[in-house]
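For reference, the structure discussed in these notes is given below.
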Amino acid sequence: MIGLRSLAAALALAAGPGAGLAGSALANDDVLRLSRDPANVVMPGITYDGWNYSPLDQINAGNIKLLSLQWTLQIGMLDSHEAAPLVIGDTMYLVSPRQDFVYAFDLAADGVFLWEFRPTLEQMPPAVQNCCGSPPRGLYYAENKLFLAATDGALVALDAQSGQQVWRRVVADASKGEAMAGNGIVVRDRFIAATDGYGARGKVLAAGLHDGRVAWTMYNVGPNADVGIGARFQKNYPYLGGANPAQESWFVDSWQHGGAGAAGFFTYDPDTNVFFYSTGSCRPGNPDYRRERGVVALDAGGRLTAFHNNFCSAQMARDGTTGELVWAFTLTPQDMWGLDEQSVTPLIDLDSGKAAIKASANGLFYAWDRAGGKLLGQPWMHSFQDIIKGPAFVDLQTGLPAYDADKLAFTAVADRRRVTQADPAAAERRPADYTGTEVVACPAGGARKWETDAYSPRTRLLYAHTNNVCGAFAVVAGDYKPGEPNNLLRRANVASVPRKDVAGQPTTVPSELKALDPIGRKVAWSRPMGDETRTGQLVTAGDLLFKGNNASGFIEVLDARNGEPLWSFRTGSGFSQSPVTYLHGGRQYVAVVASSGPVNAPIGFNAGPEAAARMRRGGTTLYVMAVPEM
């Protein structure tokens with residue numbers, strides 16, 4: 148595995164030719180040029196700002212009912228395809244899950260295969276599980292090359308014309324449970340990627356586009372030199388003010404297995420040369436191994452005074468050239484609920500300034516000054532949560548949330564009783580193995596996951612998929628095991644934990660597509676979705692929102708202004724990716740892969756008419772659609 152370069156070494160490396168350039172000169176010129184042409188899709192999210200927005204409007208509300216299938220292609224890989232296609236000129240590129248096959252299709256010939264690349268993946272050790280579902284989640288293009296963060300922990304560069312491997316560099320240690328989810332970003336002459344892996348210490352690294360040489364590696368938890376904390380780091384709030392703000396926020400050396408991987412998409416601001424991403428859950432799942440055992444130090448307002456566990460479940464902003472940490476914000480300090488912050492951080496302009504925004508997994512919506520990292524106002528609730536007390540959820544002076552003591556997790560019931568006398572569950576709802584340490588909370592496992600959001604500069608709304616999930620869990624004693632999901636945290640069998648909507652009312656709706664208003668600080672509209680799906684959405688200048696419905700197997704098109712359904716088409720399979728739109732031969736197309744895993748549930752005669760198994764089966768098909776040429 149490539150060893151860690153210190154911050155000083157990374158800074159020295161950055162001091163070469165062009166290091167003094169400012170603004171967009173530090174971005175990759177090829178990526179900037181191609182991404183500004185709506186004919187192309189060169190990265191997940193379409194552009195550096197992560198909007199997943201296209202200025203194309205040939206397809207609009209006036210002709211959407213004429214949208215029809217132009218051609219299809221069977222990919223041949225039965226699994227959930229999480230990476231959206233790329234389009235550059237006459238060629239479409241796609242990467243498959245698990246096996247990481249890369250395909251090139253000829254758009255001038257209705258998707259005829261141009262080439263296929265099949266990598267040789269290293270096997271994960273039998274005792275270590277790969278994380279993150281069915282990566283990779285993205286493919287990236289720059290300077291006639293395709294870049295892939297492969298499932299086995301290798302970065303791979305391919306010649307985009309021929310599909311031949313240009314270089315391969317192993318950057319993750321599978322024996323430690325490190326893996327890659329396929330997320331990354333191209334900045335200047337480097338491909339920046341990240342690792343995930345349950346308790347494995349998450350890191351980001353930059354490899355040269357032309358040779359794969361690793362320029363720097365920075366971890367998300369640990370000592371200053373590992374994390375990239377130097378003079379530039381903004382200590383905006385008191386909990387960030389220590390001499391070693393990441394390491395000293397963990398009990399002894401617990402940060403060494405602290406998690407904080409990064410499996411979601413990155414965004415980048417060429418003007419400031421800063422890239423943005425979020426980190427995953429704190430590990431192990433039992434917080435008693437990350438703080439003084441059995442002790443939760445709270446002030447009178449319910450805010451943690453120690454062991455914040457920086458920087459897991461956090462928002463990160465790093466220099467695109469050196470990797471140094473510019474600012475960070477821990478969204479859910481000492482996260483003891485497994486909230487796993489992986490959603491994208493779109494970059495938009497608000498009336499209060501240039502912002503980085505996030506619909507967080509903890510149910511709150513945040514906006515920061517993207518240059519300095521301070522909050523731009525009080526976060527507000529986009530999905531129901533009862534972990535953080537409101538209505539002033541975060542103290543703007545300290546940057547810390549106020550926790551409800553009843554929702555805190557402990558290994559021993561005696562420790563819980565020192566903080567709260569409330570019973571986790573009423574007598575009639577207690578399971579046979581009830582201990583009194585169970586926690587019943589919303590959102591259970593997070594209101595958000597990694598899927599792509601979409602932002603429209605026309606409606607000024609962020610479109611996000613959210614889950615209405617409440618549940619019960621307990622933390623247990625034990626040993627850390629590399630690659631073990633939810634290590635030392637388990638579900639509790641407390642009965643009748645109802646889902647709740649954003650108003651806190653019981654609901655049967657598992658998840659919703661929401662239009663979130665960052666200016667009005669509210670949910671502008673929402674549409675129920677059939678399951679806790681993880682599908683991204685695409686918005687266009689035609690004021691159309693394209694999305695796959697994983698429960699029904701339909702591709703759906705909604706009015707981006709009000710959420711009204713305008714068009715749908717049944718594919719008979721599920722969705723795990725965002726649709727894309729592109730221009731070819733002067734005509735706008737929409738493409739999406741409908742896919743789901745190979746396990747198909749049997750259909751009983753008495754199954755309900757809306758049962759998901761009636762609507763979709765395992766399959767992997769690329770659908771390409773357009774309206775008739777006039």
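Throughout, my numbering is defined as the position within the sequence shown, counted from one, plus 147. Backbone N, C-alpha and C define an ideal beta-carbon position, used for all residues, glycine too. Note that this is a predicted model, so its numbers are computed, not measured.
Is the distance from the Cβ of residue i to the Cβ of residue j below 7 angstroms?
{"i": "A372", "j": "V361", "result": "no"}
{"i": "S699", "j": "S720", "result": "no"}
{"i": "D299", "j": "L494", "result": "no"}
{"i": "V616", "j": "P590", "result": "yes"}
{"i": "T687", "j": "S201", "result": "yes"}
{"i": "G427", "j": "G448", "result": "no"}
{"i": "D678", "j": "N696", "result": "no"}
What is the rounded straight-line gap between the Cα of residue i and the Cα of residue j?
{"i": "G683", "j": "N330", "result": "14 angstroms"}
{"i": "L730", "j": "V704", "result": "18 angstroms"}
{"i": "A255", "j": "G236", "result": "10 angstroms"}
{"i": "N391", "j": "Q525", "result": "27 angstroms"}
{"i": "M483", "j": "G346", "result": "14 angstroms"}
{"i": "M143", "j": "W714", "result": "A query on residue 143 cannot be resolved here, the shown segment of the chain reaching from 148 to 777 and no further."}
{"i": "V560", "j": "A289", "result": "55 angstroms"}
{"i": "D343", "j": "F413", "result": "14 angstroms"}
{"i": "P775", "j": "A296", "result": "38 angstroms"}
{"i": "A569", "j": "P480", "result": "22 angstroms"}
{"i": "D778", "j": "V656", "result": "As displayed, the chain neither begins before 148 nor continues past 777, which places residue 778 out of reach and without an answer."}
{"i": "R637", "j": "G537", "result": "28 angstroms"}
{"i": "V473", "j": "T768", "result": "42 angstroms"}
{"i": "P712", "j": "F701", "result": "12 angstroms"}
{"i": "F512", "j": "F540", "result": "11 angstroms"}
{"i": "N509", "j": "Q394", "result": "23 angstroms"}
{"i": "L214", "j": "R734", "result": "12 angstroms"}
{"i": "L293", "j": "T599", "result": "20 angstroms"}
{"i": "D583", "j": "S643", "result": "Here residue 583 turns out to be Gly, not Asp, going by the sequence shown. Each residue's Cα considered, the two are about 17 angstroms apart."}
{"i": "T558", "j": "A621", "result": "8 angstroms"}
Please name the residue in the options whose C-alpha comes closest to that of residue i.
{"i": "G485", "options": "N420, R437, G593", "result": "G593"}
{"i": "I332", "options": "G285, Q308, V368", "result": "G285"}
{"i": "G651", "options": "P244, Y436, M528", "result": "M528"}
{"i": "A662", "options": "P244, L241, V641, G710", "result": "G710"}
{"i": "D320", "options": "G349, S309, W314", "result": "G349"}
{"i": "V139", "options": "E598, A579, L608, D551", "result": "This structure leaves residue 139 out entirely; the chain is present only between 148 and 777."}
{"i": "Q489", "options": "S499, L497, L478", "result": "L478"}
{"i": "I376", "options": "A671, W597, A475, G766", "result": "A475"}
{"i": "D400", "options": "R430, A378, T426", "result": "R430"}
{"i": "R646", "options": "T613, N633, L511", "result": "T613"}
{"i": "A410", "options": "G765, N696, M327", "result": "M327"}
{"i": "A464", "options": "D542, R517, L387", "result": "R517"}
{"i": "K323", "options": "E631, L305, V727, A754", "result": "E631"}
Can you tell me which of the three DSSP states residue i falls into?
{"i": "Q403", "result": "helix"}
{"i": "M777", "result": "coil"}
{"i": "K323", "result": "helix"}
{"i": "A169", "result": "Residue confidence is low: A169 scores 36 on pLDDT, short of 50, so the model does not pin down where it sits. No coordinate-derived value is stated."}
{"i": "N614", "result": "strand"}
{"i": "A155", "result": "Residue confidence is low: A155 scores 41 on pLDDT, short of 50, so the model does not pin down where it sits. Its coordinate-derived value is still stated next. In the structure shown, A155 sits in a helix (DSSP, three-state: H, G or I)."}
{"i": "A274", "result": "At A274, the pLDDT of 49 sits below 50, so the modelled position is not reliable; the number obtained from the coordinates is stated separately. DSSP places A274 in coil when its eight states are reduced to three."}
{"i": "P696", "result": "A quick correction: the sequence has Asn, not Pro, at residue 696. Note: N696 maps to strand in three-state DSSP."}
{"i": "R595", "result": "coil"}
{"i": "K536", "result": "coil"}
{"i": "M148", "result": "Legend: pLDDT at M148 = 30, less than 50; position of this residue unreliable, no value from coordinates given."}
{"i": "I193", "result": "coil"}
{"i": "R734", "result": "strand"}
{"i": "E703", "result": "strand"}
{"i": "P675", "result": "strand"}
{"i": "A289", "result": "strand"}
{"i": "L213", "result": "helix"}
{"i": "E631", "result": "coil"}
What are the start and end residues of the alpha helix (DSSP H) that includes residue i?
{"i": "R180", "result": "176-182"}
{"i": "T561", "result": "First, the residue type needs correcting, since residue 561 is Ala and not Thr in the sequence shown. 560-564 is the extent of the alpha helix (DSSP H) around A561."}
{"i": "A688", "result": "Where A688 is concerned, there is no enclosing alpha helix (DSSP H), given that its DSSP letter is neither H nor E."}
{"i": "F373", "result": "The question names Phe, yet the displayed sequence has Asp at residue 373. 371-374 is the span of the alpha helix (DSSP H), which, as asked, contains D373."}
Along the chain, where does the beta strand (DSSP E) containing residue i start, and where does it finish?
{"i": "D551", "result": "Run containing D551: none; DSSP gives neither H nor E here."}
{"i": "R348", "result": "Note, R348: premise wrong, no beta strand (DSSP E); not H, not E."}
{"i": "V587", "result": "586-588"}
{"i": "H357", "result": "It is not in any beta strand (DSSP E) - H357 carries neither H nor E in the DSSP assignment."}
{"i": "P712", "result": "712-717"}
{"i": "I332", "result": "331-334"}
{"i": "Y424", "result": "421-425"}
{"i": "F338", "result": "337-341"}
Between residue i and the ligand SAM, is the CB less than 6 angstroms from at least one heavy atom?
{"i": "P590", "result": "With respect to the ligand SAM, the structure offers nothing, as it holds no ligand at all."}
For chain D, find out if any of its Cβ atoms is closer than 7 angstroms to the Cβ of residue i; answer yes or no.
{"i": "V541", "result": "The structure shown contains no chain D, having only a single protein chain."}
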